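>
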Amino acid sequence: CLIGAVNLKSSNRTPVVQEFESVELSCIITDSQTSDPRIEWKKIQDDQTTYVFFDNKIQGDLAGRAEILGKTSLKIWNVTRRDSALYRCEVVARNDRKEIDEIVIELTVQVKPVTPVCRVPKAVPVGKMATLYCQESEGHPRPHYSWYRNDVPLPTDSRANPRFRNSSFHLNSETGTLVFTAVHKDDSGQYYCIASNDAGSARCEEQEMEVYDLNIGGIIGGVLVVLAVLALITLGICCAYRRGYFINNKQDGESYKNPGKPDGVNYIRTDEEGDFRHKSSFVI
């Protein structure tokens, strides 16, 4: 005779635990006439469903670090951030009027932030823009960021606190970015950032930012000196050119050279030329 209906409940449908601790996913049968119902646990993560407990065995990545408590609850040891997911407890009671019931539990594993990476400019001229960065990638849920100068916490907006009336900055606590629209001498100091969530917090090392005045007179003087040096160099080159230091000396006129024989012509003494020279020498 089929009587009753299987019903489930949980003492905590949204358990929260820190990484590397243990947690119990509560699934309790409140009503059932079946003495040996079939129990299954499934994990739903990234739109994929996998077995956790099936055929009376722990399955998947929980094998070796989970067990069934009582008849239906699931206990996980040494949870990791990868265990954050939806877990569905399913019970099939063949002897009940309503044979199937299920309950979904959302597990959140919190991860403490690690030391954030901070970037602070070392030196910025007065009146210029400056941006300070703070980033952390391990914490879950995502951490919030706060900046400190000389151990004094900075507000999200300098205009919101009269203490910082000489500053002009805005802090984005979600991204960790601290932006100065125009730095002032009072903005010089030691800066560090803290990343925090429900699991804990972490801070980076202090870094100094110096705000200095621009020496306009010195800059103008330096430019004038450079221009004067360039003018002297140009004048020296012109004088040297006029005095002929850059002209090659050449001999005036052409040097005398014995006429050479035309290429390709061979002279052959004829018999008449030889007789003429012989007769001339005889007459003398």
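Mind the numbering: the sequence shown is residues 1 to 284 in the UniProt record's numbering, read in order.
Ideal Cβ placement from N, Cα and C applies to all residues, glycine included.
Remember, predicted model here, so these are calculated numbers, not experimental data.
How many whole angstroms separate the CB atoms of residue 17 and residue 104, which I take to be in contact at a CB cut-off of 8 Å?
Within the sequence shown, the letter at position 17 stands for residue 17. Within the sequence shown, the letter at position 104 stands for residue 104. Wrong, their Cβ atoms sit about 17 Å apart, outside the cutoff.
> For the beta strand (DSSP E) that residue 214 lies in, which residues bound it at each end?
By one-based count along the sequence shown, residue 214 stands at place 214. That residue, residue 214, is in no beta strand (DSSP E); it is neither H nor E in DSSP.
> Please say whether residue 123 and residue 210 have beta carbons closer to each other than 8 Å?
Walking along the sequence shown from the start, residue 210 turns up at place 210. Walking along the sequence shown from the start, residue 123 turns up at place 123. The answer is yes: Cβ separation under 8 Å.
> What did DSSP end up calling residue 20 once you bin it into helix, strand or coil?
Your numbering for residue 20 matches position 20 in the sequence shown. Correct three-state label for residue 20: coil.
> Have a look at residue 166 and residue 143 and give me their C-alpha separation to the nearest angstrom.
Mapped onto the sequence shown, residue 166 falls at position 166. Mapped onto the sequence shown, residue 143 falls at position 143. Rounded to whole angstroms, residue 166 to residue 143 spans 29 Å at the Cα level.
> Looking at the secondary structure, which residues open and close the beta strand (DSSP E) in which residue 59 lies?
Position 59 of the sequence shown, counted from the start, is the residue given in the question as residue 59. Residue 59 -> no beta strand (DSSP E), and no H or E assigned at all.
> Work out the CA separation of residue 229 and residue 208 for me, nearest whole Å.
In the sequence shown, counting from the first residue as 1, residue 208 sits at position 208. In the sequence shown, counting from the first residue as 1, residue 229 sits at position 229. Cα-Cα distance, rounded: 38 Å.
> Quick one: what does DSSP say residue 236 is sitting in, helix, strand or coil?
Translated into the one-based positions of the sequence shown, residue 236 becomes position 236. In the structure shown, residue 236 sits in a helix (DSSP, three-state: H, G or I).
> Taking the DSSP output, what are the residues bridged to residue 208?
In the sequence shown, counting from the first residue as 1, residue 208 sits at position 208. Beta-bridge pairing links residue 208 to 190.
> Are there 16 or more other CB atoms within 10 angstroms of the CB of residue 35, so buried, or fewer, so exposed?
If you number the sequence shown from 1, residue 35 lands on position 35. The residue is exposed, with fewer than 16 neighbouring Cβ atoms inside 10 Å.
> Helix, strand or coil: which one does DSSP assign to residue 241?
Here residue 241 corresponds to residue number 241 of the sequence shown, with the count starting at 1. Looking at residue 241 - three-state DSSP - the assignment turns out to be helix.
> For the candidate residues 198, 212 and 202, whose alpha-carbon lies nearest to that of residue 182?
The residue you call residue 182 lines up with position 182 of the sequence shown. Comparing Cα positions, the closest option is 212.
> Please classify residue 149 as buried or exposed, where buried requires at least 16 neighbouring CB atoms within 10 angstroms.
For this step, residue 149 is matched to residue 149 along the sequence shown. Buried is the call here.
> Residues in the same chain with beta-carbon distance under 8 Å from residue 20, minus the five sequence neighbours each way, listed in chain order, please.
Position 20 of the sequence shown holds residue 20. For residue 20, where only same-chain residues beyond five positions count, the Cβ hits under 8 Å are 78, 79 and 80.
> Does the Cβ of residue 90 have 16 or more other Cβ atoms within 10 Å, making it buried, or fewer, making it exposed?
Numbered from 1 along the sequence shown, position 90 holds the residue referred to as residue 90. Buried is the call here.
> Leaving out the 5 sequence neighbours to the left and right, which residues in its chain are closer than 6 Å to residue 186 when beta-carbon positions are compared?
The count along the sequence shown starts at 1 and reaches residue 186 at position 186. For residue 186, where only same-chain residues beyond five positions count, the Cβ hits under 6 Å are 166.
> Are the CB atoms of residue 199 and residue 136 within a distance shorter than 8 Å?
Your numbering for residue 136 matches position 136 in the sequence shown. Your numbering for residue 199 matches position 199 in the sequence shown. Their beta carbons are not under 8 Å apart, which means residue 136 does not touch residue 199 by this criterion.
> Distance check for residue 53 and residue 159, CA to CA, integer angstroms please.
Here residue 159 corresponds to residue number 159 of the sequence shown, with the count starting at 1. Here residue 53 corresponds to residue number 53 of the sequence shown, with the count starting at 1. Taking the straight line joining both Cα atoms gives about 57 Å.
> Are the beta-carbon atoms of residue 132 and residue 62 separated by less than 8 Å?
Along the sequence shown, read from residue 1 onward, the residue named residue 132 stands at position 132. Along the sequence shown, read from residue 1 onward, the residue named residue 62 stands at position 62. Contact flag unset, no.
> Cβ of residue 138 within 8 Å of Cβ of residue 162?
As a first step, residue 138 must be located in the sequence shown, where it is residue number 138. As a first step, residue 162 must be located in the sequence shown, where it is residue number 162. Contact flag unset, no.
> If you count every other CB in all the chains shown that lies within 10 Å of the CB of residue 55, and 16 or more means buried, which is it?
Position 55 of the sequence shown, counted from the first residue, corresponds to residue 55. So residue 55 ends up on the exposed side.
> How about residue 29 and residue 88: do their beta carbons lie closer than 8 Å?
Position 29 of the sequence shown, counting from 1, holds the residue named residue 29. Position 88 of the sequence shown, counting from 1, holds the residue named residue 88. No, the Cβ-Cβ distance between residue 29 and residue 88 is not below 8 Å.
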